[in-house]
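Following the working numbering, the numbering of the sequence shown begins with 983 at its first residue and continues without gaps.
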Amino acid sequence: LNQAEVIARKLSMPFHFRSAFAAERGRIGNAIFSRFPMRLVQAQALPRFSKFALLEPRGALWIEIELPGKKVQVLNTHLSIYSAEGLMQAQALLGDGWIKHPACAEPVILCGDFNALRQSKIGSLLEQALKNTRVDRNRRGFGASVPSYPPGPVDHIFVSPEIKVNATWVPKTDLEKIASDHLPVITEIEIAGPSPAVEPARDSGGIQEPVR
983 LNQAEVIARK LSMPFHFRSA FAAERGRIGN AIFSRFPMRL VQAQALPRFS
1033 KFALLEPRGA LWIEIELPGK KVQVLNTHLS IYSAEGLMQA QALLGDGWIK
1083 HPACAEPVIL CGDFNALRQS KIGSLLEQAL KNTRVDRNRR GFGASVPSYP
1133 PGPVDHIFVS PEIKVNATWV PKTDLEKIAS DHLPVITEIE IAGPSPAVEP
1183 ARDSGGIQEP VR
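Right, here's the structure in full:
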């Protein structure tokens, strides 16, 4: 089955898929689904160590999603299992070709399997630029997303500072446990819309209600 197409059909959502490499029965990569209109900005491979040919190629997918009155940049990735290579790929994502690209204007969401814990070099580097939604005042976002060995929270959702994080959690029902070797990470966020242009004499209102 084309998993991306099946999921999109069940969700009644369009999607974008970026293939990273060919597997025995298909292709493996990253996908983004949205109920809001979206367009593909960029889908590229990430740098890799040529001397480690057995390591899987990695890539990233960048989509612009159009919310009412606001465009959001969403980047989805899957970094190397080799930490040194993953660090190089994280540095690339934070560089001029991705996060620092002029078109990557806030608000920004960067998510995926980073094969790295928060306290790792990769996690620390990314948290210097973006906010990790696992840092939740309710402390519900610290569950391990990989219940198999080695366990740990290696799947993350990073957001730019102005995005409000309401909650983050990792469901652990039997259904999630059989669906994948990783558990899903869910984050509820709020993105404020623009202030409407009004005449103060007629309307003293200011900020539009947040878009969920």
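Backbone N, C-alpha and C define an ideal beta-carbon position, used for all residues, glycine too.
As the structure is a prediction and not an experimental result, all values here were calculated from the model.
Neighbour-count burial assignment, residue i, 16 or more Cβ in a 10 Å radius
{"i": "proline 1058", "result": "Here the sequence assigns asparagine to residue 1058, which means proline is not the residue at that position. That one is buried."}
{"i": "arginine 1017", "result": "exposed"}
{"i": "valine 1141", "result": "buried"}
{"i": "leucine 1036", "result": "exposed"}
{"i": "alanine 1085", "result": "exposed"}
{"i": "glutamine 1055", "result": "buried"}
{"i": "threonine 1115", "result": "buried"}
{"i": "arginine 1000", "result": "buried"}
Option nearest residue i by Cα separation, candidates the options
{"i": "proline 1089", "options": "Gln1073, Ile1160, Lys1052", "result": "Lys1052"}
{"i": "alanine 1004", "options": "Gly1041, Val1054, Gly1068, Glu1067", "result": "Gly1041"}
{"i": "phenylalanine 997", "options": "Pro1019, Lys1033, Ser1065, Thr1150", "result": "Pro1019"}
{"i": "isoleucine 1010", "options": "Arg991, Ala1027, Glu1144", "result": "Ala1027"}
{"i": "aspartate 1137", "options": "Ile989, Leu1075, Leu1099", "result": "Leu1099"}
Contact with chain B by residue i, beta-carbon distance below 8 Å
{"i": "glycine 1041", "result": "No chain B appears in the structure shown, which is made up of a single protein chain."}
For residue i, the three-state DSSP class (helix, strand or coil)
{"i": "glycine 1041", "result": "strand"}
{"i": "glutamine 1073", "result": "helix"}
{"i": "arginine 1009", "result": "strand"}
{"i": "glutamate 1144", "result": "coil"}
{"i": "glutamate 987", "result": "helix"}
Supposed close pair residue i, residue j - CB separation, criterion 8 Å
{"i": "serine 1127", "j": "asparagine 1097", "result": "Contact flag wrong, Cβ pair sits at about 11 Å."}
Exercise. Assess, as a yes-or-no matter, whether the stretch 1040-1048 is touched by the stretch 1166-1173 under the definition of 3 or more beta carbon pairs within less than 8 Å.
Key: Too few Cβ pairs lie closer than 8 Å, so no.
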